[in-house]
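Residue numbers (full-length UniProt numbering): 1 to 307.
Even glycine gets a Cβ: it sits at the ideal position worked out from N, Cα and C.
Small disclaimer: the values here were computed from a predicted structure and weren't measured.
Notes follow once the structure below has been shown.
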Ligand SMILES: NC(=O)C1=CN([C@@H]2O[C@H](COP(=O)(O)OP(=O)(O)OC[C@H]3O[C@@H](n4cnc5c(N)ncnc54)[C@H](OP(=O)(O)O)[C@@H]3O)[C@@H](O)[C@H]2O)C=CC1
Ligand SMILES: CC(C)(CO)C(=O)C(=O)O
């Protein structure tokens with residue numbers, strides 16, 4: 001199966017790198033700057049005691065070599081529109097596309113361009129970042145990709161995707177409820193981002209001050225209420241797990257969005273917060289804390305864009 005990974009950043013570099021390491025037929029669609037780094041240094045996966053160096057196969061938008069069977073879309077909000085245009089020549093009549101962005105907006109964008117049948121749901125459960133050298137730095141041991149048709153059906157084409165992604169050094173799940181899982185992760189990631197952005201620190205730092213735990217409870221309840229109103233309620237059991245993670249004493253956890261904010265980089269303001277707040281408004285659900293985060297992040301993005 002020919003696999004194209006769009007973006008060789010924290011998630012794409014990690015999962016695509018593992019697939020390449022396992023001998024799968026993987027090509028990365030990259031832009032010139034990233035291509036240069038990868039040609040000079042190789043694709044390196046580091047952290048947690050690892051030092052893997054790979055020689056990735058690269059294409060740029062103008063050198064895409066025909067259709068691919070599977071396309072993993074691993075760009076951030078800011079790269080989505082450009083990536084959709086760039087990857088179009090790689091999409092044939094039987095291509096399946098798995099986006100791993102947090103949130104749900106990417107599904108609408110991809111479906112509008114490539115049609116209902118081509119676009120699966122997808123989730124990356126991983127904690128990676130690009131370090132100062134351009135390497136893929138693992139921050140935690142979890143590494144799982146979940147994907148599936150959005151209507152929950154399973155057919156030979158999706159089974160083939162599952163086979164191509166599995167047994168490559170990370171966990172995989174072919175999900176029959178991928179939309180529910182995406183909403184659940186969105187609920188968690190929005191709540192985690194809100195705790196860190198509004199609290200201005202790690203989960204542990206926020207939880208250690210008066211009102212910190214109440215803030216975590218409030219933002220989790222807001223995010224979960226949007227998921228429920230949208231028809232994808234997060235189970236009590238999952239809410240319990242998220243509550244535990246968001247209020248864990250001494251936890252160093254942050255979200256990738258908060259790490260980007262702290263580093264002065266553009267953040268996924270619309271993908272993770274703006275879209276959630278817009279859906280909440282359309283469903284008549286009050287989300288004052290999440291709306292405040294969206295404003296805070298938009299101001300940040302506007303400032304970064306001016307610099
Ligand atoms: N990092 C994490 O731990 C997790 C992230 N996520 C989600 O996954 C998504 C991706 O995040 P992440 O991997 O961290 O982001 P990164 O910024 O690390 O990687 C995105 C990559 O996409 C590339 N890119 C952007 N546009 C294009 C294009 N047109 N063609 C080719 N490459 C392009 C960028 O390359 P360039 O150098 O050219 O800008 C960059 O390397 C986000 O929605 C994030 O929320 C989900 C789970 C965990
Ligand atoms: C869930 C978590 C925190 C790690 O996968 C994430 O998605 C992120 O940091 O963006």
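In this structure, the CA atom of residue 211 is about 40 Å from the CA atom of residue 152. Per DSSP, residue 28 is not a residue of any alpha helix (DSSP H); the beta strand (DSSP E) it occupies stretches across 26-29. Within its own chain, the residues whose Cβ lies closer than 7 Å to the Cβ of residue 54, once the five positions on either side in sequence are excluded, are 17, 20, 21, 42, 43, listed in chain order.
The segment 265-272 makes contact with the segment 69-83; the number of CB pairs closer than 8 Å reaches 3 or more.
According to the DSSP assignment, residue 219 belongs to the alpha helix (DSSP H) that extends over 212-229.
Within the same chain, 5, 6, 7, 9, 11, 12, 100 come within 7 Å of residue 74 by CB-CB distance, once the 5 residues on both sides are set aside.
Within 6 Å of the C-beta of residue 127 there is at least one heavy atom belonging to ligand 1.
Taking residue 138 as reference, the option from 59, 123, 71, 170 with the minimal CA-CA separation is 170. Taking residue 193 as reference, the option from 36, 108, 217 with the minimal CA-CA separation is 217. Residue range 236-246 is occupied by the alpha helix (DSSP H) that includes residue 236. Note on the segment 33-100: whole beta strand (DSSP E) runs with a minimum of 3 residues are 43-47, 50-54, 68-73, 91-99, in chain order.
Per the coordinates, the alpha-carbon of residue 50 lies some 43 Å from the alpha-carbon of residue 288.
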